[in-house]
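S.K.: 41 is the number of the first residue of the sequence shown in my numbering; add one for each residue after it. For each residue, glycine too, the CB sits at the ideal point set by N, CA and C. Just so we're clear, the structure is a prediction, and the values are computed from it rather than from any experiment. Pasting a structure here, questions to come.
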Amino acid sequence: MSHPSSPLGKDQQKPGRASSPGVLPFAPGSDAAPGSAPGVTAPLLEARGFVKRFFGVTVLDGVSLSLAPGEVRALLGENGAGKSTIINLLSGVHQPDGGVLLLDGAPVRFTRPLEADHAGISVIRQELSLFPDLSVAEAIFAGHLPLTRLGL
Numbered sequence: 041m042s043h044p045s046s047p048l049g050k051d052q053q054k055p056g057r058a059s060s061p062g063v064l065p066f067a068p069g070s071d072a073a074p075g076s077a078p079g080v081t082a083p084l085l086e087a088r089g090f091v092k093r094f095f096g097v098t099v100l101d102g103v104s105l106s107l108a109p110g111e112v113r114a115l116l117g118e119n120g121a122g123k124s125t126i127i128n129l130l131s132g133v134h135q136p137d138g139g140v141l142l143l144d145g146a147p148v149r150f151t152r153p154l155e156a157d158h159a160g161i162s163v164i165r166q167e168l169s170l171f172p173d174l175s176v177a178e179a180i181f182a183g184h185l186p187l188t189r190l191g192l
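The following block contains the structure:
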């Protein structure tokens, strides 16, 4: 049986695998993020009941999570557990088939990564060969640096 917040629903749990991934449960109606200290403000980013299907296969089924300002979370799980799919839904790479994304308590729907980026949500992928001549800091800010008069 899968964890209630698992990307794989109870009927889609892969045989022989432990519950996955490590997405912490969401408490509906709570102003505080799960696992946070009392008095913490409402979540800055919140996903409620995310569902995602690819070619008729449900890969996320009712996944919820919340992030309070300044909070750091980790998604843990085996290959195929749905970690990248969750990140892709939050960042506009894919759109959920169900559920809602809230930013500062207001529903949002990103149809492409640039929309999420303009809202302050971006993903830095671990691709070592994209900018082999740049430092880590330069690679992180690639595309966000001011352009010269030549556009470089």
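So, do the region 106–119 and the region 153–170 have three or more beta carbon pairs nearer to each other than 8 Å?
M.R.: Not touching, per the Cβ criterion.
S.K.: With distances taken between CB atoms, is the gap from V97 to G138 smaller than 7 Å?
M.R.: Contact: no.
S.K.: Where L141 and L187 are concerned, what is the direct C-alpha to C-alpha distance, given to the nearest angstrom?
M.R.: Whole-angstrom Cα-Cα distance: 33 Å.
S.K.: Express the C-alpha separation of S175 and E118 in angstroms, rounding to a whole number.
M.R.: E118 and S175: Cα-Cα distance of roughly 30 Å.
S.K.: In terms of residue numbering, what span does the beta strand (DSSP E) encompassing D157 cover?
M.R.: First-last for D157: P153 to H158, but that is the alpha helix (DSSP H), not the beta strand (DSSP E).
S.K.: According to DSSP, is F66 part of a helix, a strand, or is it coil?
M.R.: Caution is warranted here: a pLDDT of 43 is assigned to F66, below 50, making its placement in the model unreliable, and the coordinate value is therefore given only provisionally. In this structure, F66 counts as coil in the three-state DSSP scheme.
S.K.: Determine whether the beta carbon atoms of G132 and V99 lie at a separation below 7 Å.
M.R.: No; because the gap between Cβ atoms is not below 7 Å, this pair is not in contact.
S.K.: Under the assumption that L130 contacts A179 (Cβ atoms under 8 Å), give the Cβ distance between them as a whole number of angstroms.
M.R.: The Cβ separation is near 21 Å, so there is no contact.
S.K.: Between which two residues does the beta strand (DSSP E) harbouring S104 extend?
M.R.: S104 -> beta strand (DSSP E) spans V97 to L107.
S.K.: From the DSSP secondary-structure annotation, give me the bridge partner or partners of A87.
M.R.: Paired residue(s): L105 and L141.
S.K.: Which word fits T81, buried or exposed, when buried means at least 16 other C-beta atoms lie within 10 angstroms of its C-beta?
M.R.: T81 is exposed by the Cβ-count criterion.
S.K.: For A177, name the three-state secondary structure that DSSP assigns.
M.R.: Note: A177 maps to helix in three-state DSSP.
S.K.: Just the Cα atoms here: how many angstroms apart are Q166 and G120?
M.R.: Using only the alpha carbons, I get a separation of about 17 Å.
S.K.: What's the gap between the Cα of A182 and the Cα of S124?
M.R.: Approximately 22 Å between the Cα atoms of the pair.
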